[in-house]
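Peer 1: Read in full-length UniProt numbering, the sequence shown has 120 at position 120, and its numbers run on one by one without any break.
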Amino acid sequence: MKDKRILYVSSEVIPYLPETEISSMSFEAPRMVNSQGGQIRIFMPRFGNINERRHQLHEVIRLSGMNLVINDLDMPLIIKVASIPKERMQVYFIDNEDYFKRKATFTDEDGNLFEDNDERAIFFAKGVIETVKKLNWSPDIIHVHGWLASLLPLYLRNYYGNEPLFKNSKIVTSVYSKGFEETLDEEMQKKVLFDGLEDDTVAHLATPDYVNIMKTAIDNSDAVIQGSEEIPEELKTYIAGLDKPSLEFKSKEEFGQAYQDFYTREVLNEEVE
Numbered sequence: 001m002k003d004k005r006i007l008y009v010s011s012e013v014i015p016y017l018p019e020t021e022i023s024s025m026s027f028e029a030p031r032m033v034n035s036q037g038g039q040i041r042i043f044m045p046r047f048g049n050i051n052e053r054r055h056q057l058h059e060v061i062r063l064s065g066m067n068l069v070i071n072d073l074d075m076p077l078i079i080k081v082a083s084i085p086k087e088r089m090q091v092y093f094i095d096n097e098d099y100f101k102r103k104a105t106f107t108d109e110d111g112n113l114f115e116d117n118d119e120r121a122i123f124f125a126k127g128v129i130e131t132v133k134k135l136n137w138s139p140d141i142i143h144v145h146g147w148l149a150s151l152l153p154l155y156l157r158n159y160y161g162n163e164p165l166f167k168n169s170k171i172v173t174s175v176y177s178k179g180f181e182e183t184l185d186e187e188m189q190k191k192v193l194f195d196g197l198e199d200d201t202v203a204h205l206a207t208p209d210y211v212n213i214m215k216t217a218i219d220n221s222d223a224v225i226q227g228s229e230e231i232p233e234e235l236k237t238y239i240a241g242l243d244k245p246s247l248e249f250k251s252k253e254e255f256g257q258a259y260q261d262f263y264t265r266e267v268l269n270e271e272v273e
């Protein structure tokens, strides 16, 4: 992995949010690449329940200030950054007052999904891509974790399809156990189509439940990793039916070498040294 550039885009990363399969692997995988001499960038949303003072987040003025159009509304993009102690790894945070100020991640105090989770996912995907463009940092691999980050493959392959910075970037999506029940906003497909995407690229989003959102991510990815021991059977079958490299579940204790080999051999089509 020496000198390889890997962009990690995740809905959750420890130590900023509680430990889950997603937040843990979104920390362990970049740490592994970092230790092998690779270059990494990590992006996540700046949820309101992240303690900015304790984690020493600060705004990056030169990266902030852009407006992203979400469903015909201009939404200001704020970029913050922090360093994970002892790891020499920087994390970039995508922030917006309307979408991420509330003191919770995906649901309200009664456990109901936020009504604008679909727009938050669109904003996060666009915000990451626009920020990486400003950094002028061309990743070899983009590894996506968590359903809130799962629109990034769709937008990168379609909305930003001609962007030279990402011309040779390979997208890997990790699929985890079911992320939420019910569906996101039923207008989600229409909001994505507002950005000029082709109807067939967003067909799954006619019913924006967890399985269909992940199918959309998988369709626009170059490779897939099973991030949880158990994932929905429908997704397992869907992945098996595609002609794409896939990696079965690996625990936190055994993933290191397996991910390195998968990145190198299957994703980048290079020989393992």
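All C-beta atoms, glycine included, are put in the ideal place defined by N, C-alpha and C.
Everything numeric in this text was worked out from a predicted model, so none of it was measured.
Identify the residues that DSSP records as bridge partners of Pro-208: which are they?
Peer 2: For Pro-208, which the question treats as bridged, DSSP gives no partner whatsoever.
Peer 1: By the three-class DSSP mapping on this structure, what secondary structure does Ser-83 have?
Peer 2: Strand.
Peer 1: Taking the alpha-carbon positions, what's the Met-25 to Thr-216 distance?
Peer 2: Each residue's alpha carbon lies about 22 Å from the other.
Peer 1: Looking only at its own chain, which residues have a Cβ that is under 6 Å from the Cβ of Ser-169, when we skip the five neighbours before and after it?
Peer 2: Excluding positions up to five away in sequence, the list reads Pro-139 and Ile-142.
Peer 1: With DSSP as the reference, label Ser-221 as helix, strand or coil.
Peer 2: Correct three-state label for Ser-221: coil.
Peer 1: With distances taken between CB atoms, is the gap from Phe-166 to Leu-152 smaller than 8 Å?
Peer 2: Not a contact, by the Cβ cut-off of 8 Å.
Peer 1: Give the DSSP-derived three-state secondary structure of Tyr-160 in the structure shown.
Peer 2: Of the three classes helix, strand and coil, the one that applies to Tyr-160 here is coil, per DSSP.
Peer 1: Within the region 92-138, note down every full alpha helix (DSSP H) run reaching 4 residues or more, in order along the chain.
Peer 2: If we require 4 residues or more, the alpha helix (DSSP H) runs fully inside the region 92-138 come out as 97-100 and 117-135.
Peer 1: How far does the alpha helix (DSSP H) with Asn-34 in it reach, from first residue to last?
Peer 2: Counting along the chain, the alpha helix (DSSP H) containing Asn-34 begins and ends at 21-35.
Peer 1: Do you know offhand how far Ile-40's Cα is from Glu-271's?
Peer 2: Cα-Cα distance, rounded: 21 Å.
Peer 1: Spatial neighbours of Ser-177 within its chain, please: C-beta separation below 7 Å, excluding the five flanking residues on both sides.
Peer 2: Cβ within range, chain order: Ser-228, Glu-230 and Ile-231.
Peer 1: Kindly indicate which residue of Thr-237, Ile-22, Tyr-259 and Ile-79 has the alpha-carbon position closest to the one of Lys-126.
Peer 2: Nearest C-alpha to Lys-126: Ile-79.
Peer 1: Out of Asn-49, Met-44, Asn-71 and Gln-260, which one is the CA nearest neighbour of Asp-118?
Peer 2: Comparing Cα positions, the closest option is Asn-71.
Peer 1: Beta strand (DSSP E) containing Arg-5: first to last residue?
Peer 2: Start and end: 5-10.
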